[in-house]
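In what follows, a structure is listed as structure tokens, so that the remarks can point back to it.
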Amino acid sequence: LQIDPDWVLAHRSLAKYYERNEEPEKALFHNAEVLRVAGGAPGEFLGLANQYLALGKPQEARLLLEKARFDHPDNPAVAARLAIATLRDGDTTAAARLFRQAEALARDSDDPVAGEYLDADFQLEFAGSLRTAGDLASAESRLREASRNIPPDQPRKLARALRELAGLWIEQNKFPGPAVGLLRRADALDPGNEETKALLENARGNK
């Protein structure tokens, strides 16, 4: 690789070596390099990008997904994950555009499950982008959508959706009673969350 950094076989071999030696982050890097150089199926890009996001490395996920978007420009799943990675990487302007593009691709796709790519994670992140941009009505719509579609086996994610929806209401000084109700439910789903506790105190103080 010092002689030829784009040698795919070397990256594949090192990825397997690090996997066998239980060094997943090093294996992830070399697997990502294989896709950067040789390309791959959308699912391959998404799998590695999700690993980067789980590790708190949005920039690496974004770079990988930008390559995926170049190779698969009409894939709504790639566009949706790229929007999330871009937002977490701090580029709110580009992320806002990508969220809209992902929605349009899913709507126009011939894939019968394309709508599933706009999952709760997508809606939660999109809501944050919209809130930053000042589009509070659209942010509320996305948070409502997310809270309806989060399965019961993901209580912390549901708590996050409820907490963010309540926070949006508190920010606008509307629905104080329902906001407290959402926060109590969020607290039951994710006990001890400091953000929920702070919002509850704020909501009760504003009633």
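If you want the numbering used here, it's the 1-based position in the sequence shown plus 1.
Ideal Cβ placement from N, Cα and C applies to all residues, glycine included.
Contact under 8 Å by Cβ, residue i with residue j
i, j, result
"D5", "V38", "no"
"R82", "L56", "no"
"R157", "L190", "yes"
"L119", "A107", "yes"
"L65", "A78", "no"
"R143", "L131", "yes"
"A11", "Y19", "no"
"A128", "A140", "yes"
Spatial neighbours of residue i in its chain, beta-carbon cut-off 6 Å, leaving aside the 5 residues before and after
i, result
"D72", "G40"
"Y53", "E61, A62"
"L159", "I151, L190"
"E126", "I85, L88"
DSSP state of residue i mapped onto helix, strand, coil
i, result
"F176", "coil"
"G129", "helix"
"N203", "helix"
"S110", "coil"
"E24", "coil"
"L88", "helix"
"N76", "coil"
"D122", "helix"
"K158", "helix"
"P7", "It is worth fixing the name first, because residue 7 is Asp in this sequence and not Pro. In this structure, D7 counts as coil in the three-state DSSP scheme."
Beta-carbon contacts of residue i that lie in its chain and below 8 Å, excluding the five residues immediately before and after
i, result
"A204", "A167, I171, P177, A180, V181, L184"
"L163", "S148, L183, L184, R186, A187, L190"
Own chain, CB closer than 7 Å to residue i, minus 5 neighbours either side, in chain order
i, result
"Q102", "A80"
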